Amino acid sequence: MRRGVFCFLILHEEHIMKRFQRTLALVVCCSMLNLSLLQSAHAVMVSTEEVARLAVTGAPDPGHARLAAVLARDNVRSEMERLGIDPASAQERVAALTDEEAASLADQIDKAPAGGIIGAILLVFFVLLVTDILGLTKVFPFTRSVR
Amino acid sequence: MLAMLIRPLRALWLALLVTLLLAACASTPLQPVALTPGASTRAELADTPFFPDDSHFCGPAALATSLSAVGLAITPAQLVGQVFLPGREGTLQIEMLSGARRQGAVAMVIPGTLTALKQEIDAGHPVVVLQNLGLSWAPSWHYAVVVGYDLERELLLLRSGPMRRQEMTLRTFGHTWQRSQYWAFVALPPGRLPASVAEPDATRALVAFERNAKPAAAVTAYRAALQRWPHNATLAMGLGNALYGAGDLPAAAQVFRDAAVTHRLAAAYNNLARILLQQGHVAEARQAAARGLVLAGPLHATLLDTLRDIEAISQPGS
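Sequences listed follow chains A and B, in order. With this note's numbering applied, the first sequence corresponds to residues 3 to 149, in that order. With this note's numbering applied, the second sequence corresponds to residues 143 to 460, in that order.
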């Protein structure tokens, strides 16, 4: 009796596994089909991005491919983790860029200025306070510039 | 003990030196506004929403301010995951633009002049600006939103960080803005254009917008831009592709036909041929593709593919 139950459980588990595998296979198939359909749809029409690129440079510049290659490097991936970027959201964020932007991001990911007030060290504090008062900078909201 | 005394002294000397140097080289102020007779010298978009920020979220806050002001309601908290880099404690310029697009707005970089800022405020558009509130070698990057000006008192009005209505002198603003190479943009719903935007910047922004937008929204956006710049070939191609994406084949074909003739564009002939083929007009499709092939240049392989597909359909079974 007990063995019977056990057997049933194993069979049941196998059944579930098979169903799972089948579902997985179906999902993978569908997504690949979808991908190939998308690609062929892209291949037939010349996209506006390609037109714009040809108008500017006269040659194609696969910015997304370059950026994907940059982002896939191990050191960049660990750097992105350090910067607190979740890989899935990174992909979405990359998809929202144009080829041109992707190329420039690949070049500049560490050089482009990031907004937000950066904590100031003592020396900088002094300098900025003085320059604020002269009206050259505006770090400290309490300073009034003299003219 | 002595070292402790010397260190702050040295810091002060350095501070003084740097200040003197700065005073010497800070001599490229903003160009003054070219005022036409009768033009207003004061304006303020007082209804612009305000999202106070006291930390590093000036990017999401500025973007939310600008989007909410033009009817795309959103809060900074909703934008943080899309545009904020925790490790850099800030937001990249590129992501400010793409973040706006992801909310369904078209974000266009505008000329970095006071005249452009005034034009936008006069048109009712708040402007997101990037400032370096610090110094070039000790940057303190900050995004703020220009919401008004008072030229008689030489002031700009900003939503900035924790300040709902910051009054900043044009001179100080000029210095902080100069260090970001006068970077500014306006985000608007598709169909509306910044008053001051230049044609190349508008084109670049619209091509980027089409990438992730619903085709119908892209159609609206391209139509508005083509009204201002009717001779722009890229915009025409964009309108054709957006119409095609929206499923309006006859309208798309007409746009590509016009663009092909007006601009002698191989890409337009190719896309026209593809649509004609899809509609079953094989002979016309072949004619369009053949005309495109003559002009093809870098698109040679694309047009050969199109011709091959046309031949494959016109001779079934062979």
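Note that the Cβ used here is the ideal one computed from N, Cα and C, for glycine as well. Quick caveat: nothing in here was measured; it's all calculated off a predicted structure.
Rounded to the nearest whole angstrom, the CA to CA distance from Phe192 of chain B to Ala443 of chain B is 53 Å. Ranked by how close their Cα comes to the Cα of Ala204 of chain B, the residues B:Met305, B:Leu297, B:Asp264 and B:Glu186 have B:Met305 in first place. Within the same chain, and ignoring the five residues on either side of Pro332 of chain B in sequence, the residues whose Cβ sits closer than 6 Å to its Cβ are Val248, Ala359, Thr362 and Ala363. For Gln308 of chain B, the enclosing beta strand (DSSP E) has its first and last residue at Met305 to Thr311. Distance from Val225 of chain B to Thr217 of chain B at the Cβ level is roughly 13 Å; contact not present, criterion being Cβ atoms closer than 8 Å.
At least one CB of chain A lies nearer than 8 Å to the CB of Leu441 of chain B.
Rounded to the nearest whole angstrom, the C-alpha separation of Ala344 of chain B and Leu377 of chain B is 9 Å. With contact defined as three or more Cβ pairs closer than 8 Å, the segment 273-290 of chain B and the segment 364-373 of chain B are not in contact. Within the same chain, Cβ atoms closer than 8 Å to the Cβ of Tyr285 of chain B are found at Cys200, Gly201, Ala203, Ala204, Leu205, Thr233, Met238, Val270, Val271, Leu272 and Gln273, the five residues on either side in sequence being excluded. A residue is called buried when at least 16 other Cβ atoms come within 10 angstroms of its Cβ; Val53 of chain A meets this threshold and is buried. Within the segment 411-455 of chain B, complete alpha helix (DSSP H) segments of at least 4 residues are found at 424-437, given in chain order. Inclusion of Ala438 of chain B and Ile452 of chain B in the CB contact set at 8 Å is not warranted, their separation being larger than that value. Annotation: Cβ neighbours of Ala409 of chain B in chain A (cutoff 8 Å, chain order): Val48, Glu52, Val53 and Leu56. In this structure Asp195 of chain B is buried. Its beta-carbon is surrounded by 16 or more other beta-carbon atoms within 10 angstroms. Bridge pairing for Glu186 of chain B: B:Gly290 [DSSP].
Counting other Cβ atoms within 10 Å of its Cβ, Gly241 of chain B reaches 16 or more and is therefore classed as buried.
In terms of Cβ geometry, Pro268 of chain B and Leu187 of chain B form a close pair [threshold 8 Å]. Taken atom to atom, the span from the alpha-carbon of Val289 of chain B to that of Gly303 of chain B is near 14 Å. At least 8 Å separates the beta-carbon of Met310 of chain B from that of Leu293 of chain B. Residue ranges of uninterrupted beta strand (DSSP E) with 3 or more members, entirely inside the segment 309-343 of chain B and ordered along the chain, are 326-330. Annotation: Cβ neighbours of Met379 of chain B in chain A (cutoff 7 Å, chain order): Thr50 and Val53. Look at His284 of chain B here: in three-state DSSP terms it is strand. Contact between Ala211 of chain B and Thr190 of chain B holds: their C-beta atoms lie close to 5 Å from each other, under 8 Å. Where Leu275 of chain B is concerned, there is no enclosing alpha helix (DSSP H), because DSSP gives it neither an H nor an E. Contact between Leu441 of chain B and Asn412 of chain B holds, with the beta-carbon distance rounding to 7 Å and staying under 8 Å. Every alpha helix (DSSP H) of 4 residues or more that sits fully in the segment 226-262 of chain B is shown, in chain order, as 235-244. Under a 10 Å Cβ-count criterion, Gln235 of chain B is classified as buried, with 16 or more other Cβ atoms of the shown protein chains found around its own Cβ.
For Thr345 of chain B, the closest Cβ of chain A is nearer than 8 Å. Taking a Cβ-Cβ threshold of 8 Å, the residues of chain A close to Arg416 of chain B are Val46 and Met47, in chain order.
For Ser302 of chain B, the enclosing beta strand (DSSP E) starts and ends at Leu297 to Ser302.
Residues of the segment 352-378 of chain B that bring their beta carbon within less than 8 Å of a beta carbon in chain A comprise Glu352, Arg353, Asn354, Ala375 and Thr376, in sequence order.
By the Cβ neighbour-count rule, Gln173 of chain B is exposed, with fewer than 16 other Cβ atoms within 10 Å of its own.
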